[in-house]
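Q:
Residue numbers (the working numbering), protein chains in the order written: chain V, 29 to 342; chain S, 10 to 338.
Structure, rendered in structure tokens:
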């Protein structure tokens with residue numbers, strides 16, 4: 029019975045969400061970002077199919093410039109750079125996505141839930157969040173990673189995910205705070221819905237776009253951190269990723285020998301994926317903060333304000 | 010005053026957190042890597058140094074709280090032990106030699122990136138929907154997604170090796186003696202251009218974005234609309250009315266931004282062989298020089314936390330609402 033009183037709210041929210049998705053896709057920047065990201069995702073998934081050679085095969089001419097046979101040339105030990113780039117997408121995206129999911133989950137637990145509940149737990153966790161925000165995360169990650177010897181990609185996921193949640197937690201908390209006394213939350217409370225039920229049934233759907241925002245920030249942060257650690261030799265340099273590509277190019281003196289085709293692709297791929305994330309985030313911003321939607325004024329007036337959630341930029 | 014004490018309390022608390030993390034990390038790690046290091050150096054280091062290492066990394070039978078107190082005592086006296094890379098130089102000396110370089114490099118880069126980024130953000134928001142607003146964010150979404158090491162390598166390759174416009178390593182030419190005179194200062198600046206440019210370019214995007222969004226929100230506020238209706242001139246409206254108010258929320262992200270710059274400085278210093286704390290940190294990690302690594306982590310944290318505290322004090326001066334409470338989040 030309790031559920032029935034709540035129900036009238038949910039379908040409305042659902043339609044709103046669908047509209048948000050449409051608004052997101054109607055945003056040119058967001059669409060470009062999505063296409064780029066899906067492209068890299070497919071490349072990672074179908075690496076065995078699309079990769080021209082085995083990325084570990086060292087039987088080619090060393091340091092060959094780009095040619096018809098090797099579109100991106102070869103490395104100092106004679107591997108095909110394009111094949112490495114394609115297989116590297118697998119490791120880098122996997123680590124990035126897993127680390128992003130982990131840090132977002134922690135951010136939801138530490139930021140969103142207490143933010144909604146309030147009380148002393150919220151005060152404590154908010155202070156913890158603020159502390160983790162100001163302690164420089166990269167040096168911290170370096171120190172942790174150097175204590176875990178020769179860590180593989182999955183150890184890196186934990187190190188990165190468990191250190192990079194603070195920014196997301198703060199954004200989610202400040203948003204969850206505003207839901208504490210909203211009508212539909214109070215209504216759910218009065219109708220006897222459990223706390224977790226309210227959190228996941230009422231608040232989470234409304235904050236979904238912000239959570240996705242945080243998630244995408246976490247993913248790109250994860251990819252960058254992986255590259256950061258791998259470049260410093262703190263990961264497992266025998267695994268092929270965009271980070272280890274840069275590590276080997278730098279260690280192998282690609283620069284001294286003028287082998288730009290070896291030096292540049294790994295980092296460029298990270299930058300392009302990062303940009304695709306930023307573009308999608310841009311689209312989400314426009315959807316969730318109608319004031320920012322100034323590029324096409326006519327469109328804004330026609331479509332109803334979706335969500336009405338304002339993003340507090342950290 | 011209450012605001013000041015509150016922020017001071019947070020500063021001390023976060024500093025204690027950094028120190029405590031530093032204390033527990035080597036003790037919690039599986040197999041205690043520090044212990045392995047100490048075993049490896051038996052016979053190579055003199056017994057005194059070994060003993061201080063053992064104390065530092067908890068290879069002792071003392072109860073944990075006694076170790077913690079001893080560790081705190083050492084930390085507050087700047088006693089971080091001896092570096093293994095530069096044995097027998099104390100860690101604190103290595104820090105003292107490298108910190109000024111990083112403060113100069115990362116500090117200057119942060120200030121320039123902030124000023125330029127905020128200014129561009131104001132412009133983008135003011136001309137929103139225009140050419141600047143559609144090109145600038147696109148360019149900066151790309152630049153802020155570039156990994157530091159990639160841009161640093163690119164700059165080093167193009168401007169250092171291929172074109173030969175800038176030096177490729179170190180913070181000043183080896184033939185010069187450090188002194189406060191013209192040629193030396195010019196030489197230092199010359200060496201700092203490429204590393205600083207790397208940090209600035211990757212950091213500008215964040216500021217631009219935050220400022221643009223805050224500015225657009227502020228421009229929608231009633232007082233701005235009213236001022237416009239009243240006939241306030243455009244420039245005054247943009248800078249005095251909107252930008253000043255939009256700047257405040259941007260500043261709260263300063264601590265995090267500084268953290269990123271410091272992270273970037275680690276890579277940039279490593280690539281340009283710039284003798285700052287980041288360069289030493291990487292060297293310490295590669296040599297498994299845990300005393301140096303921990304000392305550097307603490308000093309980096311301390312510098313960032315202190316800078317953050319100073320900015321918060323500044324923020325309190327600029328925005329009376331913060332001081333009067335009610336804006337805790």
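From the three backbone atoms N, C-alpha and C, an ideal C-beta is built for every residue, glycine too.
Could you check how far apart the C-beta atoms of residue 144 of chain V and residue 204 of chain V are, in whole angstroms? I think they sit under 8 Å.
A: On the first chain, residue 144 of chain V is found 116 positions in, with the first residue counted as 1. On the first chain, residue 204 of chain V is found 176 positions in, with the first residue counted as 1. Between residue 204 of chain V and residue 144 of chain V the Cβ distance is about 4 Å, and since that is below 8 Å, they are a contact.
Q: Can you tell me whether residue 108 of chain V is helix, strand or coil according to DSSP?
A: Counting from 1 along the first chain, the entry for residue 108 of chain V is found at position 80. Residue 108 of chain V falls in the strand class under three-state DSSP.
Q: I'd like the ranges of any alpha helix (DSSP H) spanning at least 4 consecutive residues and lying wholly in the stretch 56 to 97 of chain S.
A: Fully enclosed alpha helix (DSSP H) runs of 4 or longer: 56 to 65 and 73 to 85.
Q: Going by DSSP, what residues sit across from residue 99 of chain S in a beta bridge?
A: On the second chain, position 90 is the one that residue 99 of chain S refers to. Its beta-bridge partners are S:91.
Q: Quick one: using the 10 Å Cβ neighbour count with 16 as the cut-off for buried, is residue 208 of chain V buried or exposed?
A: Residue mapping note: residue 208 of chain V aligns to position 180 of the first chain, counting from 1. That one is exposed.
Q: Under a Cβ-count criterion, where at least 16 other Cβ atoms within 10 Å of its own Cβ denotes burial, should residue 184 of chain S be classed as buried or exposed?
A: Taking the second chain and counting its residues from 1, one reaches residue 184 of chain S at position 175. The residue is exposed, with fewer than 16 neighbouring Cβ atoms inside 10 Å.
Q: Which of the three DSSP states is assigned to residue 329 of chain S in this structure?
A: In the second chain, residue 329 of chain S corresponds to position 320, counting from 1. Reduced to three states, the DSSP call for residue 329 of chain S is helix.
Q: If we require 4 or more residues per run, which alpha helix (DSSP H) segments fall completely within the stretch 169 to 222 of chain V?
A: You should have 181 to 191, 194 to 205 and 211 to 218.
Q: Out of V:133, V:132, V:134 and V:153, state which residue places its alpha-carbon closest to the alpha-carbon of residue 142 of chain V.
A: Locating residue 142 of chain V in the first chain gives position 114, where the first residue counts as 1. Residue V:153 is the option with its Cα nearest to residue 142 of chain V.
Q: Where residue 252 of chain V and residue 240 of chain S are concerned, what is the direct C-alpha to C-alpha distance, given to the nearest angstrom?
A: Here residue 252 of chain V refers to the residue found at position 224 when the first chain is read from its first residue. Here residue 240 of chain S refers to the residue found at position 231 when the second chain is read from its first residue. Distance between the alpha carbons of residue 252 of chain V and residue 240 of chain S is about 48 Å.
Q: Going by the beta-carbon positions, is the gap between residue 117 of chain S and residue 161 of chain S smaller than 8 Å?
A: Locating residue 117 of chain S in the second chain gives position 108, where the first residue counts as 1. Locating residue 161 of chain S in the second chain gives position 152, where the first residue counts as 1. The answer is no: Cβ separation not under 8 Å.
Q: For residue 336 of chain V, which residues of its own chain have a beta-carbon under 7 Å away from its beta-carbon, when the five flanking residues on both sides are left out?
A: For the purposes of this step, residue 336 of chain V is identified with residue 308 of the first chain, where counting begins at 1. Because the pLDDT of residue 336 of chain V is 39, which lies under 50, any placement of that residue in the model is unreliable, and the number read from its coordinates should be weighed accordingly. Correct list: empty, nothing qualifies.
Q: Run the CB neighbour count on residue 151 of chain V, radius 10 Å, all protein chains shown included, and call it buried at 16 or more, exposed below.
A: Walking along the first chain from the start, residue 151 of chain V turns up at place 123. Exposed, because fewer than 16 other Cβ atoms sit within 10 Å of the Cβ of residue 151 of chain V.
Q: According to DSSP, what are the bridge partners of residue 102 of chain V?
A: The sequence position of residue 102 of chain V within the first chain is 74, counting from 1. Residue 102 of chain V is bridged to V:108.
Q: Which same chain residues, not among the five before or five after residue 226 of chain V, have their C-beta less than 7 Å away from its C-beta?
A: Taking the first chain and counting its residues from 1, one reaches residue 226 of chain V at position 198. Excluding residues within five positions, the ones whose Cβ falls inside 7 Å are 213, 216 and 217.
Q: So, with DSSP's three-state summary, where would you put residue 247 of chain S?
A: Translated into positions along the second chain, residue 247 of chain S becomes position 238. Reduced to three states, the DSSP call for residue 247 of chain S is helix.
Q: Is it buried or exposed, residue 249 of chain S, if we count other Cβ atoms within 10 angstroms and call 16 or more buried?
A: Within the second chain, the letter at position 240 stands for residue 249 of chain S. With fewer than 16 Cβ atoms within 10 Å of its Cβ, residue 249 of chain S is classed as exposed.
Q: Listed in chain order, which residues of the stretch 149 to 171 of chain V have Cβ atoms closer than 9 Å to some Cβ of chain S?
A: Here the close residues are 154, 155, 156, 158, 159, 160, 161, 162, 163, 164, 165, 166, 167, 168, 169, 170 and 171.
Q: Establish whether the CB of residue 335 of chain V and some CB of chain S are separated by less than 8 Å.
A: The sequence position of residue 335 of chain V within the first chain is 307, counting from 1. Residue placement at residue 335 of chain V is poorly supported in this model, since its pLDDT is 40, which falls under 50; the coordinates are not used for a value here.
Q: Go through the stretch 294 to 318 of chain S residue by residue and report every complete run of the alpha helix (DSSP H) that reaches 4 residues or more, in order.
A: Runs of the alpha helix (DSSP H) inside the stretch 294 to 318 of chain S: none found.
Q: Have a look at residue 119 of chain S and residue 198 of chain V and give me their C-alpha separation to the nearest angstrom.
A: Working through the second chain from its first residue, we reach residue 119 of chain S at position 110. Working through the first chain from its first residue, we reach residue 198 of chain V at position 170. Distance between the alpha carbons of residue 119 of chain S and residue 198 of chain V: 23 Å.
Q: Please work out which residues of its chain come closer than 8 Å, Cβ to Cβ, to residue 165 of chain S, disregarding the five sequence neighbours upstream and downstream, and give them in chain order.
A: Against the second chain, residue 165 of chain S aligns to sequence position 156. Excluding positions up to five away in sequence, the list reads 177, 203, 280 and 281.
Q: How long is the line joining the alpha carbons of residue 127 of chain V and residue 194 of chain V, rounded to whole angstroms?
A: Within the first chain, residue 127 of chain V is the residue found at index 99, counting from 1. Within the first chain, residue 194 of chain V is the residue found at index 166, counting from 1. Whole-angstrom Cα-Cα distance: 13 Å.
Q: Inspect the beta-carbon positions of residue 287 of chain S and residue 104 of chain S and report whether they are closer than 8 Å.
A: Position 278 of the second chain holds residue 287 of chain S. Position 95 of the second chain holds residue 104 of chain S. No, the pair does not count as a contact, with Cβ atoms beyond the cut-off.
Q: Could you list the residues in the stretch 176 to 189 of chain V with a C-beta less than 9 Å from some C-beta on chain S, going in chain order?
A: Cβ contacts with chain S: 176 and 177.
Q: So, under 8 Å CB-CB, residue 175 of chain V and residue 34 of chain S are touching, yes? Tell me the CB distance rounded to an integer number of Å.
A: What you label residue 175 of chain V is simply residue 147 of the first chain in a count that begins at 1. What you label residue 34 of chain S is simply residue 25 of the second chain in a count that begins at 1. About 6 Å; that satisfies the 8 Å criterion.
Q: What residues from the stretch 113 to 127 of chain S come within 7 Å of chain V, judged by C-beta to C-beta, listed N to C?
A: Residues: none.
Q: Taking the alpha carbon of residue 202 of chain V as the point to measure from, which residue in V:138, V:76 and V:245 has its own alpha carbon closest?
A: Residue mapping note: residue 202 of chain V aligns to position 174 of the first chain, counting from 1. Residue 202 of chain V has its Cα closest to that of V:138, out of V:138, V:76 and V:245.
Q: Taking 8 Å as the threshold (beta carbon to beta carbon), is residue 28 of chain S in contact with chain V?
A: Translated into positions along the second chain, residue 28 of chain S becomes position 19. Answer no: the Cβ-Cβ gap between residue 28 of chain S and chain V never drops below 8 Å.
Q: For residue 280 of chain V and residue 276 of chain S, what's the separation of their Cα atoms in angstroms?
A: Within the first chain, the letter at position 252 stands for residue 280 of chain V. Within the second chain, the letter at position 267 stands for residue 276 of chain S. Distance between the alpha carbons of residue 280 of chain V and residue 276 of chain S is about 17 Å.
Q: Using a cut-off of 8 Å between C-beta atoms, extract the partners of residue 288 of chain V located in chain S.
A: Locating residue 288 of chain V in the first chain gives position 260, counting from the first residue. Per Cβ cutoff of 8 Å: 166.
Q: Looking only at its chain, what residues have a beta carbon closer than 8 Å to the beta carbon of residue 90 of chain V, apart from the 5 residues adjacent to it on each side?
A: Taking the first residue of the first chain as 1, we reach residue 90 of chain V at position 62. Excluding residues within five positions, the ones whose Cβ falls inside 8 Å are 102, 103, 104, 105 and 106.
Q: List the residues of chain S that residue 299 of chain V touches, going by C-beta distances under 8 Å, in chain order.
A: Residue mapping note: residue 299 of chain V aligns to position 271 of the first chain, counting from 1. Neighbours of residue 299 of chain V on chain S, chain order: 151, 154, 155, 156 and 159.
Q: Under 7 Å, CB to CB, which of the residues in the stretch 264 to 276 of chain S have a partner in chain V?
A: Listed by position along the chain: 264, 265, 268, 271, 272, 275 and 276.
Q: Which residues, taken in chain order from the stretch 227 to 242 of chain S, show a beta carbon closer than 8 Å to some beta carbon of chain V?
A: Hits within the stretch, in order: 229.
Q: Which of helix, strand or coil does DSSP assign to residue 155 of chain S?
A: To locate residue 155 of chain S, count along the second chain from 1; it is residue 146. DSSP places residue 155 of chain S in coil when its eight states are reduced to three.
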